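What follows is one structure encoded as structure tokens, with my remarks underneath.
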Amino acid sequence: MQHSRTIISVLALGRVTACTSGPPDPHGDGPPNGGRPGAMLQEATIARPIAILFTGMKANRDLVLSKDELEVAIPIEFARANVDKSGVITGFDMADWGRLLLGDKEAQPDLRAADTDMIYTVTPQEFTIAMRHEFNRMDEDQDGRLTRAELLMGAPQRIMGREAGGQGAPP
């Protein structure tokens, strides 16, 4: 009985390993890029950086961000970014806010996306416009609510170590 379980376990492990080895190389018999780890990035879905901010704006924990919740959260986030209480967000403030809330100072919306008059500061009005723009852009069905599915996007696809046309990477 124990011997049968061992054989079944080994066969199951072999089947899982075969499934995870990836598709064959289109120019040969083996897995892409010689089977090295990370040789192929499969199709995936990832969260947009601003999705981190939007999920934090949830008030009632129903997993959907409404326009009303957004409107309540916008002045709170502006105040968080406006550390010196000057009434405008500078480029440094925006970078710090982006790092804190979005995980990266370059994540959108950043100063370039929000500074509509291009004077290197963001007013409360510009910040509000940027937040509403991001919300509306992501609200695919235009129902005034952002679902978790709308906070996602397709991850870029690429095959590492290959140039366009199937040629290997240069030495």
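The opening position of the sequence shown corresponds to residue 10 in our numbering, with each subsequent residue numbered one higher. Where is the CB? At the ideal position from N, CA and C, for every residue including glycine. All figures in this text were calculated on a predicted structure; none of them were measured in a lab.
Ile55 sits exposed, since fewer than 16 C-beta atoms from the chains shown fall within 10 Å of its C-beta. Straight-line spacing of the CA atoms in Trp106 and Ile98 works out to 9 Å.
Here the C-alpha atom of Pro133 lies approximately 24 Å from the C-alpha atom of Leu160.
Per DSSP, the beta bridge partners of Val131 are Ile98. In summary, Val81 is exposed, with fewer than 16 beta-carbon neighbours lying within 10 Å of its beta-carbon over all protein chains present. Distance from the CA of Ser75 to the CA of Gln117, rounded to the nearest whole angstrom, comes to 20 Å. For Leu72, the secondary structure class from DSSP, reduced to helix, strand or coil, is coil. Short of 6 Å from the beta carbon of Ala164, and not among the five residues preceding or following it, lie these beta carbons of its own chain, in chain order: Ala53, Ile55. In the DSSP assignment, Ile138 is bridged to no other residue. In this chain, the alpha helix (DSSP H) harbouring Thr64 covers 58-65.
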